[in-house]
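Sequential numbering from 17 applies to the sequence shown in my numbering. Take a look at the structure below.
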Amino acid sequence: MKKIVITLALAFVATVGFSQTEEELKGELSAAKDSIAAIQGRADAIQGAIDALPGWKKGAFGTIGANLSSFNNWYGQGTPDLSSGNIGVTVNAFANLNEEKFFWRNSGNLNLAWVKFDDKNDDTDDDSFKKGTDVFNITSLYGRKLNEKWAISGLAEYRTTILDNFNDPGYLDLGVGATWTPIADLVVVIHPLNYNFVFSNGDSVFESSLGAKIVADYTKKFGAVNFKSNLSMFQSYESGDLSNTTWINSFGYTLWNGIGLGFEFGLRDNKQEALNYAIDTLGETATTFETVDNKLQTYFLVGLNYAF
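Right under this line is the structure:
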């Protein structure tokens, strides 16, 4: 009986000792996390001061997504012998000059994707990779500062595709107005005088027009996270049918040596493109701006990310 009591006592002491040690370790871990947060805060403050200095600031990050598969005699699906794939690449880059009396901000976005669906039992189908997503945007904004938050500015923005139908259509916006920078990483362009040049080959529904241009761009790096959101809107003074909107959001998280995970999501509303698709691709020649089904255009890409 005496041995049992001694054994139970020792077990109780060991348990209490372990609990105390665990609590101490948790306390040390909490203190370490607080120290890391304080260090990160000081580092962010220093980086903010560096970003506010005059001169050029440049950067880029991109995402690569790929999904390849091959099936042989997989009878559970409708196409038992199948080779398929999806490959996508996005790149976001910027080069910004900030001086005491003026700024010059330049940015570009590229998103390309290829898809493949090859039925090995069908000799007539296309076994190559076909062009999928095809987006190319480049923007240049120059401003003369009136104060810390407002500037008189001029903007040039060009959008097209490059894998197929380059500059058909292509959009070039040229305009002047004001730029508002309420915080360091947010730029809002308000240009009431803007001409939207639309380029296309042959007879088409595309038409250039005068209107207003609004652009909102937020580019920020939070430690290992790169984030960019760009909203570009053109409102035609001639007709709402000639207006367009594009909104692209890019996210990159660096895990190791510049490599991480990336995500990009884009939205577009363009009635001219919808009508052109209905007439030239679907063959619905009787379709007009009043009858076209102008659906919201979207795309997304998820994959590996690399920060330059």
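Glycine included, C-beta positions come from ideal geometry on N, C-alpha and C. None of the values given here were measured: they were computed from a predicted structure.
For residue i, the residue or residues it bridges with in DSSP
| i | result |
| --- | --- |
| residue 120 | 113 and 158 |
| residue 253 | Looking at the DSSP assignment, residue 253 forms no beta bridge with any residue, so it has no partner. |
| residue 353 | Given a span of 17 to 324 for the chain in the structure shown, any question on residue 353 remains unanswerable. |
| residue 168 | 160 and 194 |
| residue 80 | 105 and 320 |
Closest Cα partner of residue i within the set the options
| i | options | result |
| --- | --- | --- |
| residue 321 | 71, 295, 205 and 78 | 78 |
| residue 223 | 193, 198, 288 and 283 | 288 |
| residue 285 | 263, 294, 275 and 300 | 263 |
| residue 207 | 190, 221, 197 and 198 | 190 |
| residue 232 | 48, 199 and 72 | 199 |
| residue 133 | 147, 203 and 270 | 147 |
| residue 177 | 185, 170 and 171 | 185 |
| residue 172 | 46, 156 and 129 | 156 |
| residue 282 | 170, 317, 45 and 124 | 317 |
| residue 107 | 197, 127 and 113 | 127 |
Where residue i falls, given that 16 or more other Cβ within 10 Å makes a residue buried
| i | result |
| --- | --- |
| residue 153 | buried |
| residue 319 | buried |
| residue 116 | exposed |
| residue 273 | exposed |
| residue 253 | exposed |
| residue 121 | buried |
| residue 250 | buried |
Contacts around residue i, its chain only, beta-carbon distance under 8 Å, and the 5 residues preceding and following it disregarded
| i | result |
| --- | --- |
| residue 29 | Unreliable placement is indicated for residue 29, whose pLDDT of 48 sits below 50; the coordinate value is still reported in the next sentence. Answer for residue 29: no residue qualifies. |
Neighbourhood of residue i by C-beta distance below 6 Å, restricted to the same chain and skipping five residues each side
| i | result |
| --- | --- |
| residue 245 | 234 and 265 |
| residue 102 | 83 and 131 |
| residue 174 | 154 and 188 |
| residue 290 | 308 and 310 |
Bounding residues of the alpha helix (DSSP H) (the contiguous stretch that carries residue i)
| i | result |
| --- | --- |
| residue 291 | 287–292 |
Same chain, Cβ closer than 7 Å to residue i, five either side skipped, listed in chain order
| i | result |
| --- | --- |
| residue 201 | 234, 235 and 236 |
Extent of the continuous beta strand (DSSP E) to which residue i belongs
| i | result |
| --- | --- |
| residue 226 | 225–238 |
| residue 205 | 202–215 |
| residue 270 | 260–272 |
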